[in-house]
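Residue numbers (the working numbering), protein chains in the order written: chain A, 3 to 449; chain B, 520 to 1040.
Working notes, beginning with the structure itself.
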């Protein structure tokens, strides 16, 4: 090849780079490794992590240990999907396009809204995209954010709001749910939207219909961050008046992956479709009248519209969205409902078992929940969790610093991967650990 | 004609046989899923556990299929999709190199895939070590000081970088309003600029396809927050005056931003930090060979110079001796841009690629990428004009089909002709400054036989354009579908499947129910 180009040395092709800008010798980089050595080193690093097959997981807070069926990544992981890219040439990308069209339909069904885009980075950034849509649609600059939305999501919104010039106004939580009276008082003619999560960060099921009335009364939109797997039990927010529904898609066939890759979803009504961020697949016909799929409404997007685009997103999380389509098709309507009921049963059993431990109580008794709940502990939840790791348990997320008034709170998630025996083991170990801590404290006091 | 590396369509299904939607395969009562036995668990009825206002009132219309149906359906869809694993994919600016499989195996290890992001640091020391070592390598390769892994893609990295630049200026009580970008920039650049709250100023390229220093100087001022550029630029040309550009931008107090989309060209050969760049985002799915996933997931880590490190999204990984921890105590941080730690699974793959190649291997990557591009250009330039006459090119080049346009075949027709010849087309109509642009990036992972087969196909198309351009308008004829009516899709938006109307209602008055594919706007 060099000879064809009349060159002796490949370095001659780098002559446009001035000599003084060439990389110095001796960069501190690894030596080349054989494939076997790569596999060994990566296995060593993986071995230094305690994963969810070793520890029984009651940790949730947005990422959940749901079962991932064998067919999901057997199919989504196929090279034809995994090693392709954004379907700019639709005639040779019908597989990805049709899978995304199916994905959009499934998300539309789960959220109760007409149009879903083809995925976003994650649930948190999806909230920011929805906020941008609401601000553009209403030409108003304030966002009422429920204090019962996950702190990570609120932190991200705060970061994004600096560029977007959105003012964030917090609405407090009352007995575990968004204080809609406070929201009503704070909503005004500058309010673009009210944002809440369903179920919320504390596991409590929100009254989405009532929230929609509060938002709409002020001429604002209702944005809901929704756990899509709760759709087996809960009414889709779109049917209760939510205007834009977003969420974290990890639970739909994606492994926890230390937080990513999974995906975010976003669905809206027809009236907002031209403000939708990211890719959208539409149905059309080919020259012979055959049905086919293409990326559509591209005039919204950055590669056409540049600084006037609805979003800057280009690469999204397509493969994870395809995994979700496979997962939801695996689940079916019966599976979705049965899964919801099973999680509910397990979570209620966990609530009963944990609340029966002396000194432990439910933080929000009487409030509805589906798979996650907060318990108050008579000792530092972080210390309790540390000790429970010794029993092979990830007991949950200590809430100190994450939710006002819940320094003694522990957020516990229960998925279908947990069994009655797991919950019994958690309750017994927690009772033991609390007794140890109590005895230790008594000893200290005695000294 | 079929080159040795070309993929004949219809290897799986007859190309003309459509695959129904999964919803159209649905049959009441069929189901793939099974649920574990709840054992002695007490019952919990949603009717009692949940208030009526919260409960679902209608079934969710998910498809009802067996596992066999599910596997056949998505396998058939896979057969209708072209990919790097099937053949050459010279999509310019996207770096569609081969994705090594050891990285897939590593990322799927339970020790990575089954980690919860809220697990305490002491349980995830291997993951944090991986992040710290990858950060160190990216700093070495870019000549910069610190990185964040939160951005999930290149555009996400751009937004993060621009927010960080905004915070830098604000911390100096010197808020600025404009960001300058070249007219050849990726569309994500101006879109990110606006999202970060800045105004876009565009600067035109000079006649050689390089930055025009006078034009740049004319638009610079003390209200310029940053100048954002790819190098090599989107024409595949190295901006040889970059050091002078850095002086000019820094001279007005601006920051220099490196869009890492084209980093593959200079990997280990030259470093953005040495050129004067302050902020770099890298597209690990491009340069570090992680699979593009049909449009993601990617990873767009941001690497910055020392003076910007404090502004990086929190938390960051810190090493204390043999121990790694998250540092969240970062008062000057711009905050989060991702719910957790970015696309960690992609970072695992990128780390595997880093180890496999090592420093020497990465330099070889850039060398072979540039050699392949120049070899392929040499085979094509008699038949197609180069968008801008500068040579040698780096890792990619932009041809113009303006000669073919005169014969009646546009860049799009050339692209569709390539599909019939078994290749994925180059990027078309980008950058905008080249008429009838065909942007070709062969990458380092392709053999000379593949490049020759692709060149033969391109030359064949040029000959066909000359002889009978009309024939190219019919292409593709061998793909699962022919040319699709994109205008129709936008005009009559159908973005989801709708169940067909009930037969009796359809019989009485089909218009009442609307057609099965009811438009949504």
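Ideal placement from N, C-alpha and C gives every residue a C-beta, glycine not left out.
Residue closest to residue i, alpha-carbon to alpha-carbon, out of the options
| i | options | result |
| --- | --- | --- |
| residue 233/A | 336/A, 447/A, 411/A, 399/A | 336/A |
| residue 570/B | 154/A, 12/A, 204/A, 210/A | 210/A |
| residue 239/A | 151/A, 114/A, 121/A, 287/A | 114/A |
| residue 166/A | 646/B, 698/B, 691/B, 714/B | 714/B |
| residue 665/B | 964/B, 886/B, 1006/B, 827/B | 827/B |
| residue 375/A | 93/A, 417/A, 403/A | 417/A |
| residue 634/B | 353/A, 195/A, 93/A, 54/A | 54/A |
| residue 391/A | 56/A, 30/A, 3/A, 31/A | 56/A |
| residue 888/B | 749/B, 806/B, 954/B, 694/B | 806/B |
| residue 725/B | 718/B, 754/B, 717/B, 744/B | 754/B |
| residue 537/A | 339/A, 338/A, 334/A, 371/A | Coverage of chain A is limited to positions 3 through 449, which leaves residue 537/A absent and any answer about it impossible. |
| residue 874/B | 6/A, 31/A, 11/A | 31/A |
| residue 66/A | 258/A, 353/A, 386/A, 272/A | 258/A |
| residue 930/B | 722/B, 632/B, 709/B, 903/B | 903/B |
Length of the line joining the Cα atoms of residue i and residue j
| i | j | result |
| --- | --- | --- |
| residue 157/A | residue 408/A | 19 Å |
| residue 138/A | residue 277/A | 8 Å |
| residue 81/A | residue 598/B | 10 Å |
| residue 547/B | residue 583/B | 6 Å |
| residue 734/B | residue 945/B | 30 Å |
| residue 1024/B | residue 1017/B | Residue placement at residue 1024/B is poorly supported in this model, since its pLDDT is 49, which falls under 50; the coordinates are not used for a value here. |
| residue 905/B | residue 619/B | 32 Å |
| residue 68/A | residue 283/A | 28 Å |
| residue 769/B | residue 736/B | 12 Å |
| residue 58/A | residue 950/B | 52 Å |
| residue 913/B | residue 16/A | 8 Å |
| residue 921/B | residue 851/B | 51 Å |
| residue 602/B | residue 617/B | 10 Å |
| residue 1068/B | residue 833/B | Nothing in the structure corresponds to residue 1068/B, since chain B is present only between 520 and 1040. |
| residue 23/A | residue 790/B | 7 Å |
| residue 608/B | residue 938/B | 11 Å |
| residue 396/A | residue 62/A | 10 Å |
| residue 1004/B | residue 856/B | 37 Å |
| residue 712/B | residue 706/B | 10 Å |
| residue 369/A | residue 111/A | 26 Å |
| residue 1043/B | residue 100/A | This structure gives no information on residue 1043/B, because the portion of chain B shown stretches from 520 to 1040. |
| residue 982/B | residue 717/B | 48 Å |
Boundaries (first-last residue) of the alpha helix (DSSP H) holding residue i
| i | result |
| --- | --- |
| residue 331/A | 320-357 |
| residue 845/B | Here residue 845/B belongs to no alpha helix (DSSP H); instead the beta strand (DSSP E) covers 842-846. |
| residue 304/A | 304-307 |
| residue 769/B | 761-770 |
| residue 104/A | 96-113 |
| residue 163/A | 153-166 |
| residue 688/B | 673-690 |
Neighbour-count burial assignment, residue i, 16 or more Cβ in a 10 Å radius
| i | result |
| --- | --- |
| residue 318/A | buried |
| residue 252/A | buried |
| residue 741/B | exposed |
| residue 291/A | exposed |
| residue 530/B | The pLDDT assigned to residue 530/B is 46, lower than 50, so where the model puts this residue is not dependable; a value taken from the coordinates is nonetheless given after this. Result: exposed. |
| residue 551/B | buried |
Residue i and residue j closer than 8 Å at C-beta
| i | j | result |
| --- | --- | --- |
| residue 265/A | residue 322/A | yes |
| residue 172/A | residue 149/A | yes |
| residue 626/B | residue 867/B | yes |
| residue 438/A | residue 621/B | no |
| residue 959/B | residue 611/B | yes |
| residue 431/A | residue 105/A | no |
| residue 359/A | residue 429/A | yes |
| residue 943/B | residue 3/A | no |
| residue 287/A | residue 89/A | no |
| residue 49/A | residue 630/B | yes |
Terminal residues of the beta strand (DSSP E) in which residue i lies
| i | result |
| --- | --- |
| residue 701/B | 697-701 |
| residue 85/A | Here residue 85/A belongs to no beta strand (DSSP E), and DSSP marks it neither H nor E. |
| residue 277/A | No beta strand (DSSP E) contains residue 277/A, which DSSP labels as neither H nor E. |
| residue 864/B | Careful: residue 864/B lies outside any beta strand (DSSP E), inside the alpha helix (DSSP H) at 863-899. |
| residue 226/A | 223-228 |
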